[in-house]
Amino acid sequence: MVFLFYLLSAIMIICALLVVFSKSPINNVIYLIVCFLAMAGHYILLNAQFLAVVHVIVYTGAIMVLFLFVIMLLNLNKAIILRKSTVTRVSAVITGGIFFLVLLAATRQTFEIHAKYPFASDFGLVSGIGKVLFNEFLLPFEMSSILFISAMVGALMFGKKDV
Amino acid sequence: MVALISTIAWLVPAFPLLGFLITGLAKNRLKNNQAGIIASTLVSFSFITAVILFFSLRSSGQDSVTVTLFNWISAGDLKIPFAFLIDHLSITMMLIVTGVGALIHIYSIGYMHGDERVNSFFAQMNLFTFSMLLLVMGANYLILFIGWEGVGFCSYLLIGFWFKNPAFNYAARKAFVMNRIGDLGFILGIILLFFTFKSVSFTEVFAQAGTLQAGAPLITLITILLLVGAVGKSAQIPLYTWLPDAMAGPTPVSALIHAATMVTAGIYMIARSSILYNLAPITLNIMIGLGLATAIFAAVIGLRQNDIKKVLAYSTVSQLGYMFLALGLGAYSSAVFHLTTHAFFKALLFLGAGSIIHAMGGEQDIRKMGGLRKKMPVTYFTFLAATLAISGIPPFSGFFSKDLILTKAFENNPVLYVLALGGALITCFYMFRLLYLVFFGDQRLSSAHPHESPRVMTIPLIILSILSVFGGFLNIPELFGGKSGLGEFLHSAIISKVTEELAGSTEIGLIISSLALLGLIILLAYRTYVKKAIIPAEDSKSLSSFSKAITNKFYIDEIYTALFERPFGFLSDFFFYNVENKVLDAAVDGIGTATSRLGGLARKLQAGNMSFYLFAMVGGILLFIIFILIV
Amino acid sequence: MKDISSAIQLIPLENYVFLSVALFSIGMMGVLFRRNTIAILMCLELMFNSVNLLLTAFSAYHSDPAGQVFVFFIMIVAAAEVAVGLSIIVMMKRNVDSVDINLLNRLKW
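Residue numbers (numbering that gives the first Met the number 0), protein chains in the order written: chain A, 0 to 162; chain B, 0 to 630; chain C, 0 to 108.
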């Protein structure tokens, strides 16, 4: 089972890199979906089954389909060569690497604290999350509906041809 | 009576100020003679107020009244109230300034009639009168200085009144710059006074002056610095050359500013500071030298001038030299007496000259005049009175004042007397030369149609001629059974040096001999210019070297040009081309260029490129985290 | 279920931190790397998800359900954000006929 963690992690990182480096937008979306499915696996590993299901439904089911729709609508599946200059791309890679190292250095100091916490999760199912969500976080939950409505209206406004 | 003085003293300068404001602000509205009438009326009011002040002061029994209007400067040790000092000296000056000033204002109505900027003219004249009154009334050196600068400024404006003529503008600038040289000395003197006495008020300074030892270097330095100011303002050697050029202004201006009042400001200031000057014998000796040299030098130049106003200008310089001589001799009240009579007869001479110029249609060259006696009888007789007065013929006013100075000179040193008398004889000669050339003989300019001036001009002439004739009786010496009225009157304000009195017989001898010489001179002038009818040569004719030098005013202007103006020009050019252009401009331009270059660099950061912004954002976050990690 | 939870106990929390940091850095690199606006948006989703993963891991190891509720809310916000972001891209395509981010250079005003 430890093997499972490393397998999923490897799939995630490889797919994430492919998302960045592959040229066709369609391929990007496919790799991203694979990446997200691997992440859903991670959620299950962490005993967060509710999140895993929601993740698959929302991300792979809704968001990524939205991406595909837009690509299709805009007819972007032909590989349009939109590449930044070599200098920019090299510096982007270098910046990413430095960022990785710096973030590691920043989190390294907290490792000792982490070690004190063993895995202890028994609330990942719908009932566990549901209790918390509808007890403590009821107001934010209801408020998020307003956010959705405004996002919907906004998207409609942007999408209309003549405003 | 003191209360009355305190109440109305401010009115004296307030009237001309009001006139300045009215005529100055409404100069586009006032028509014809309105500005002149307003200005003259207000100056006359000022004169009436001064007369009231005079009688109140006499009946009050007090020597001086200080009228504090408000506290002007108050900073640390420096406390300067805006105050007027009404005493016998300032009231004398006020009467002269407002009296002669009012007459000249009235005269100007006629003289300036029809000039397109007549309203500005009266505004400036009123401003001048206001400044001059501040000068003579101020109770401390600072207010005196305000007036001092004010009259200098008005003088500049009025000399350059016809500013469309570049030569007149140049003359105005010359007067201004030369006065600045004197003013620098004057203000340094005031500063030194303040450092020495911790006050600039007349009463306090003079009260403390007694503690200083006579001839101390400090007091000598102060008096010399003040003297520099007086030399500039009163046109003495070496700063006299602006006054003849100042004749570029309208003739009433020459009469008021450059003969009767402003140029006497230096005399007034030194007479006012008599206590200080008594303590500085070195300065007094310098003044004797300067005064005598100026008196003779200017008189010699006056011998060969052919411009009617230039002759009078050099005569003014010469008479101011006599006043300086009197000051140097410690006879301050004699100087003020001569100042008074000079104000009368010199104003009269200038106004008469103005009347002549007016009649001749702007012609100023005496070689082209002649025969005006019949055509302009009023002008002739008044001019004659003034000429007799300035020549020192008894009983005209000039006789008494000049004789007093000559007597004082004799008391001091007979050599001084001889030199001063020589100057007086020269004065007499060139004045009669002027008189004969202008009024006698035949009319030489056929195109002109001389006519008597209107009454508004002749009445001031008549009043002034009465003053010139009888002004001397203000101060009849004891020799003639008088009481030296003016001298006694001024005694409280001026501390004259006491010299031994001459024996009456010596004095009478001196007077008779000088009168005999004067008679000879007049006869000589008569023979030359009336009998032989010699007309001075045209400018183009070659002259002997000495007379050529005189005609060219001893080349003083040229020497000044070579000595000061040229090196100054070179220096200015040097600084302009090398320092200004290459260093200062380069520095200023450099700052501008550097800023715009830096801006150009910074502008590229703001190219609006999203991907660059993203890079910048990530870089910022990185730096932020690194900073937290390190610190 | 018992299996999974017993196995996961062998994996220390650090590994999840490493994984999240790696994913976040890759996503950020992608944002800088790509010119295609849609790809950039996808990289943003990647960064979102790395944070989600970390929150879930912390919540699980800390036995605090609030963390997982946060993830739920983040998903809500992400969904809204993607909807708006994609509509912006659609409008951009419509107006300048391209999805090139370098064409969006008007931000200097």
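Idealized CB from N, CA, C, for every residue including glycine.
*Three-state secondary structure (DSSP) of B/K78*: strand
*asked:* Suppose contacts are defined by Cβ-Cβ distances below 9 Å. Is B/F83 in contact with B/I142 by that definition?
replied: yes
*State yes or no: is the beta carbon of C/V68 nearer than 9 Å to at least one beta carbon in chain A?*
yes
*Do we get a CB-CB distance below 9 Å when we pair B/L621 with the residues of chain E?*
The structure shown contains no chain E; the protein chains it does contain are A, B and C.
*Is it the case that the Cβ atoms of B/S400 and B/F336 are separated by a distance below 9 Å?*
yes
*asked:* When you compare the CB of A/I93 with every CB in chain B, is at least one pair closer than 9 Å?
replied: no
*Which partner residues of B/S332 appear in the DSSP bridge assignment?*
Answer is none; B/S332 lacks a bridge partner.
*Of the residues that make up the region 34-47 of chain A, which ones have a beta carbon closer than 8 Å to any beta carbon in chain C?*
C34, F35, M38, H41, Y42, I43, L44, L45, N46 and A47
*Ends of the alpha helix (DSSP H) at B/V578?*
No alpha helix (DSSP H) holds B/V578; DSSP gives it neither H nor E.
*Looking at the unbroken alpha helix (DSSP H) that takes in B/S272, where does it start and where does it end?*
Here B/S272 belongs to no alpha helix (DSSP H), and DSSP marks it neither H nor E.
*Per DSSP, the bridge partner or partners of B/S314*: DSSP lists no partner for B/S314.
*For chain C, is any of its Cβ atoms less than 9 Å away from the one on A/L146?*
yes
_So, at 8 Å on beta carbons, what are the nonlocal neighbours of B/N164 in its own chain, with the 5 sequence-adjacent residues on each side left out?_
A247
*Cβ atoms of B/A385 and B/L348: under 9 Å apart, would you say?*
yes
_Outcome for B/S317 when other beta-carbon atoms lying within 10 angstroms are tallied against a minimum of 16_ = buried
*asked:* Would B/L433 and B/L350 be called neighbours here (beta carbons separated by less than 9 Å)?
replied: no
*What are the uninterrupted segments assigned as beta strand (DSSP E) that are 3 or more residues long and contained completely in the region 56-106 of chain B, given in chain order?*
63-74 and 77-86
_Measuring alpha carbon to alpha carbon, tell me which residue in A/I12, A/P139 and A/L138 is nearest C/M46._
A/I12
*Could you give the distance in angstroms between the alpha-carbon of B/G421 and the alpha-carbon of B/A548?*
20 Å
_Per-residue DSSP class, three states only, for B/S495_ = coil
*Check whether the Cβ of C/M27 lies closer than 9 Å to any Cβ atom in chain B.*
yes
*In DSSP terms, what B/S200 is bridged to*: B/N139
_chain B contact residues for A/K83, given Cβ-Cβ distances below 8 Å_ = S610
*asked:* Residues of chain A with CB closer than 8 Å to the CB of B/L628, please, in chain order.
replied: V101, A104 and A105
*Do the region 370-380 of chain B and the region 513-530 of chain B touch if we need at least three Cβ pairs shorter than 8 Å?*
no
*So, B/A325 versus B/S333, is the Cβ gap smaller than 9 Å?*
yes
*Where does A/N74 fall in DSSP's three states?*
coil
*The alpha helix (DSSP H) spanning B/P15 covers which residue range?*
L10 to L24
*Between the CA atoms of C/T55 and A/N46 - distance to the nearest angstrom*: 9 Å
*Whole angstroms is fine: what's the gap from A/P24's alpha carbon to C/G26's?*
16 Å
*What do you reckon, are the CB atoms on B/G109 and B/M456 nearer than 9 Å?*
yes
*Integer Cβ distance of B/I201 from B/N139, believed to fall under 8 Å*: Here the sequence assigns Phe to residue 201 of chain B, which means Ile is not the residue at that position. B/F201 to B/N139, Cβ: 6 Å. Contact.
*Looking at the unbroken alpha helix (DSSP H) that takes in C/Q67, where does it start and where does it end?*
A65 to V95
*Candidates C/A65, C/M74, C/N51 and C/I87: which alpha carbon is nearest A/K130's?*
C/A65
_Chain-order list of residues whose beta-carbon lies under 6 Å from that of B/F81 (same chain, five-residue window excluded)_ = L68, F69 and W71
*For B/N635, which beta-bridge partners are listed by DSSP?*
This structure cannot speak to residue 635 of chain B, because chain B is shown only from 0 to 630.
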